[in-house]
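> Encoded as structure tokens, here's the structure I'll be asking about.
Number of protein chains: 2
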Amino acid sequence: MGTTSKALSLLELFSRATPEIGLSEIARRAGINKATAHRLLGELAAHGFVEQVGPARSYRLGPAFLRLAALREASVPMRDAVRGVLRSLSDVTGETAHMSVLHGSVLDTIAYSYASAHGTQVRMEDAEKLLLHATSSGLAVLAWSAPDFVERVLAGPLVKRTPDTLTDPGEIRARLAPIRARGFAVSVGGFEADVHSHAVPIFDSASAPMGALAVAAPSARMCPDLAALIQGELLEKGARLTRLLGGFAPASFPAPQAA
Amino acid sequence: MGTTSKALSLLELFSRATPEIGLSEIARRAGINKATAHRLLGELAAHGFVEQVGPARSYRLGPAFLRLAALREASVPMRDAVRGVLRSLSDVTGETAHMSVLHGSVLDTIAYSYASAHGTQVRMEDAEKLLLHATSSGLAVLAWSAPDFVERVLAGPLVKRTPDTLTDPGEIRARLAPIRARGFAVSVGGFEADVHSHAVPIFDSASAPMGALAVAAPSARMCPDLAALIQGELLEKGARLTRLLGGFAPASFPAPQAA
DNA sequence: CCGGGCGGTTCATTATTTGAACCAAAGGTT
DNA sequence: AACCTTTGGTTCAAATAATGAACCGCCCGG
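What follows is the structure, encoded as structure tokens:
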């Protein structure tokens, strides 16, 4: 791994749960020397990627991301399209909708939308990184991924997040064909207990799955009617989002109008 | 300069005008070897900071900024506050409002808002980086900056962007005291010809100027009434924004209610 | 069919990164 | 108040990683 990668990986340490971290803690979590961490953070800070704050001189993500995210949006409008789709999904289904994009072998949640209807909602604040084998979003992505990528994921350690998490490679592999046939994936309590979620893949311009659109509901509220509603909405909105982002569903993807 | 800084500075090459750049072009503009650029871009790409696109394999800013900008917003809510203030500023004044933050010795424009009123508007798309000596925003920041920082800026090369750009260190120095007394800075055609702009500084939690809030109007439309309106609005909205961002105006800052 | 541009790769040379040991300062505990 | 631990930050010789000229194969226009 290059020096630059080490520096960039320091940025991965920040999360909603830990938005500010001290020097020693960063070095410890990243598994690098304190002096090295200090120098790398200095370089990141010079470019506005991190900044120091407070009397403890803790580090947090810097202001450069405002500018760069705006620039990214200018060249690849995505946020607005995603937001609109999520809003309408959560409105219609009355449940939490979220979108995540593939990053290495995990899914990063980039946006979510809560419904105003119910008191209980599946919350997404603490689910920034989704595991491919443990979520409906992950299964949706795997189902349309290249076989060697799937095998690499299934070969790696499959963390058992909950008692219901699928960790048997064979079982997961067997689930992918039905997902491909129906166009969406389902997970019941695989990531968080008592959460029933549906997901459809979103494709890029090369027809490769680049992420997933999902609706998560409390298991207690799931029923055939709600499931049918969510599935129909996801297939329709997923197809629309893929188009909005300039992507194409592969020819093998089931036609959305097939009810 | 460290290796990491070189990699990060590649990100500065992207702009609204050039959102996608090829490998050779990147190496040329950054003044580094093609092989080096290739390796650095590879590391950036592995973390989602850039991505390759199209048959030409050009590079553009990557999707990681969506996630990181969202995280930055979660720890330092800024964008929403800025947006709201800008919107109301451009509505009330009928002119273009913009916000920029200090980054080294330039100002990065992070957001702007156009008014719906006039056909002619000062456009901000091509003004991502503002020079401190040539803009009202820059003068507003300089007026409340530490003397050694001011001297360092005035010592450096002062680019003459237009015939009206101030480039005499002595003259600029002399302008800062009146700015401090009134609370806002003015620039007439110093950055773009025929643009008349006003700006107030925005302060951070240490009462240091972290950026500026500005209103830019075509010179032809400027008159005493409009100037008075803009000045009053800027002082009020600037004070509010400083507070919204968790900052504090220094004791020396003129009270906004002093009409 | 020939340049000349492109993206990407190789490998010996070189300069940069690295980390143990070291500060001074700031709590916590006895 | 003496002590221990941990904090952010610094130093410098040793070791590792970055570097760039030359090199592909490719595609496009002449």
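Top line first, the protein sequences correspond to chains A and B.
According to the numbering used here, the first sequence is numbered sequentially starting from 1.
According to the numbering used here, the second sequence is numbered sequentially starting from 1001.
The beta-carbon is built from N, C-alpha and C at its ideal position, and this holds for glycine as well.
Rounded to whole angstroms, what is the Cα-Cα separation between Ala-1258/B and Ser-1075/B?
Confidence is the limiting factor: at Ala-1258/B the pLDDT is only 45, short of 50, which leaves the residue's position unreliable, though a coordinate-based value still follows. Approximately 34 angstroms between the Cα atoms of the pair.
> Straight-line CA distance for Leu-1068/B to Lys-1006/B?
The alpha-carbon atoms of Leu-1068/B and Lys-1006/B are separated by roughly 20 angstroms.
> So, under 8 angstroms CB-CB, Gly-183/A and Phe-253/A are touching, yes? Tell me the CB distance rounded to an integer number of Å.
Gly-183/A to Phe-253/A, Cβ: 6 angstroms. Contact.
> According to DSSP, is Ala-279/A part of a helix, a strand, or is it coil?
Residue 279/A is absent from the structure shown; chain A starts at 1 and stops at 259.
> Beta strand (DSSP E) containing Asp-108/A: first to last residue?
From DSSP, the beta strand (DSSP E) with Asp-108/A extends over 106-113.
> Counting only runs of 4+ residues fully inside the stretch 26-108 of chain A, write out the alpha helix (DSSP H) ranges in chain order.
Runs found: 34-46, 64-75, 79-93.
> Using only the alpha-carbon positions, how far apart do Gly-1138/B and Thr-18/A sit?
In a straight line, the C-alpha of Gly-1138/B is about 34 angstroms away from that of Thr-18/A.
> Step through the CB atoms of chain A and report whether any lies within less than 8 angstroms of the CB of Leu-1131/B.
No, Leu-1131/B lies away from the interface with chain A (no Cβ there is under 8 angstroms from its Cβ).
> What does Glu-20/A pair with, by DSSP beta-bridge criteria?
Per DSSP, Arg-60/A.
> So if I threshold CB-CB distances at 9 angstroms, which residues from the stretch 16-50 of chain A count as touching chain B?
The residues in question are Arg-16, Pro-19, Glu-20, Arg-39, Leu-40, Gly-42, Glu-43, Leu-44, Ala-46, His-47, Gly-48, Phe-49.
> For Pro-178/A, which residues does DSSP report across the bridge?
Paired residue(s): none; Pro-178/A is not in a bridge.
> What does DSSP give as the partner residues of His-196/A in its beta bridges?
BP columns for His-196/A point to Val-188/A, Ala-217/A.
> Would you kindly check if the distance between the Cβ of Ser-1100/B and the Cβ of Leu-1089/B is under 8 angstroms?
The answer is no: Cβ separation not under 8 angstroms.
> Buried or exposed for Lys-237/A, going by 16 or more other Cβ atoms inside 10 Å?
Counting Cβ neighbours within 10 Å, Lys-237/A comes out buried, since at least 16 surround it.
> Just to confirm, are Lys-12/A and Val-53/A a CB contact at a threshold of 8 angstroms?
As written in the sequence, residue 12/A is Glu, which differs from the Lys given in the question. Contact flag unset, no.
> Between Val-1085/B and chain A, is any beta-carbon pair separated by less than 8 angstroms?
For Val-1085/B, the answer is no, since every Cβ of chain A falls outside 8 angstroms of its Cβ.
> Identify which residue in Arg-1029/B, Ala-1216/B, Ala-1227/B has its Cα closest to the Cα of Ala-1127/B.
Per the Cα distances, Ala-1216/B.
> Would you kindly check if the distance between the Cβ of Thr-1165/B and the Cβ of Leu-40/A is under 8 angstroms?
Not in contact: Leu-40/A and Thr-1165/B (Cβ atoms no closer than 8 angstroms).
> Between the stretch 1208-1222 of chain B and the stretch 1189-1196 of chain B, do three or more beta carbon pairs fall short of 8 angstroms?
They touch, by the three-pair rule.
> Which two residues bound the contiguous alpha helix (DSSP H) that contains Lys-1006/B?
That run of the alpha helix (DSSP H) goes 1003-1011.
> Quick one: what's got a C-beta closer than 7 angstroms to Ile-1172/B's C-beta in the same chain, skipping five residues either side?
Contacts found: His-1133, Leu-1154, Leu-1166.
> Does DSSP classify Phe-1203/B as helix, strand or coil?
Three-state DSSP puts Phe-1203/B in a strand.
> My output table needs one value for Gly-211/A: the three-state DSSP class, helix, strand or coil.
Correct three-state label for Gly-211/A: strand.
> Starting from the beta carbon of Thr-1003/B, find every residue of chain A whose beta carbon is closer than 8 angstroms, and list them in chain order.
In chain order: Gly-2, Thr-3, Thr-4.
> Which residue or residues does DSSP assign as beta-bridge partners of Leu-1131/B?
According to DSSP, which records beta bridges pairwise, Leu-1131/B is partnered with Val-1106/B.
> What is the rounded straight-line gap between the Cα of Trp-144/A and the Cα of Arg-180/A?
Taking the straight line joining both Cα atoms gives about 7 angstroms.
> Taking the CB atoms as reference points, tell me whether Val-1122/B and Glu-1233/B lie closer together than 8 angstroms.
No, Cβ-Cβ distance for Val-1122/B and Glu-1233/B is not below 8 angstroms.
> In this structure, does DSSP put Val-159/A in helix, strand or coil?
Coil.
> Between Gly-2/A and Thr-120/A, what straight-line distance do the alpha-carbon atoms span, to the nearest angstrom?
Near 45 angstroms, if we compare the C-alpha coordinates of Thr-120/A and Gly-2/A.
> I'd like the span of the alpha helix (DSSP H) that includes Gly-1138/B, first residue to last.
That run of the alpha helix (DSSP H) goes 1136-1143.
> For Ala-193/A and Met-124/A, I'd like the C-alpha separation in whole angstroms.
Ala-193/A and Met-124/A: Cα-Cα distance of roughly 14 angstroms.
> Let's see if you can read the secondary structure: which residues bound the alpha helix (DSSP H) around Glu-125/A?
Counting along the chain, Glu-125/A falls outside any alpha helix (DSSP H), and DSSP gives it neither H nor E.
> Is it right to say Arg-1028/B is buried, meaning 16 or more other beta carbons lie within 10 angstroms of its own, or is it exposed?
Result: exposed.
> I'd like to know whether the C-beta of Arg-57/A is nearer than 8 angstroms to at least one C-beta of chain B.
Not one chain B Cβ lies under 8 angstroms of Arg-57/A.
> Hey, is Asp-80/A's beta-carbon within less than 8 angstroms of any beta-carbon in chain B?
Asp-80/A does not count as touching chain B.
> Which residue from His-38/A, Leu-213/A, Ala-30/A puts its Cα closest to that of Leu-102/A?
Comparing Cα positions, the closest option is Leu-213/A.
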